[in-house]
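> Shown below is the structure under consideration.
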Amino acid sequence: MFDIQYEPAGYNIGINIGAHAGQTIEHLHVHLIPRYVGDVTEPRGGVRNLKEALLEYDG
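For what it's worth, UniProt numbering labels the leading residue of the sequence shown as 1, then goes sequentially.
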């Protein structure tokens, strides 16, 4: 349904496992991020440069 309505060009899937990977609460949390042509200047590297932070994360 999502693909039909929003027509993404691809997806990134991310899972943080362990504190050094950014996991702050021990549970399974999966990020499914739709990607669009031109949404970032250089898409190589996946979600590392997806967008500017909305606010500083204190962890």
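All C-beta atoms in this analysis are idealised placements derived from N, C-alpha and C, irrespective of residue type, glycine included. Since the model is a prediction, treat every value here as computed from it, not as a measurement.
1. What is the DSSP secondary structure of His-31, reduced to helix, strand or coil?
2. Can you tell which of Tyr-6, Ala-9 and Glu-26 has the C-alpha that lies nearest to the C-alpha of Ile-17?
3. Taking just the CA atoms, how far does Asn-12 sit from residue 63?
4. DSSP on Gly-46, reduced to helix/strand/coil?
5. To the nearest angstrom, how far is it from the Cα of His-29 to the Cα of Gly-22?
Straight from the coordinates:
1. strand
2. Glu-26
3. Residue 63 lies beyond the residue range present for the chain, which begins at 1 and ends at 59; the question has no answer from this structure.
4. helix
5. 11 Å
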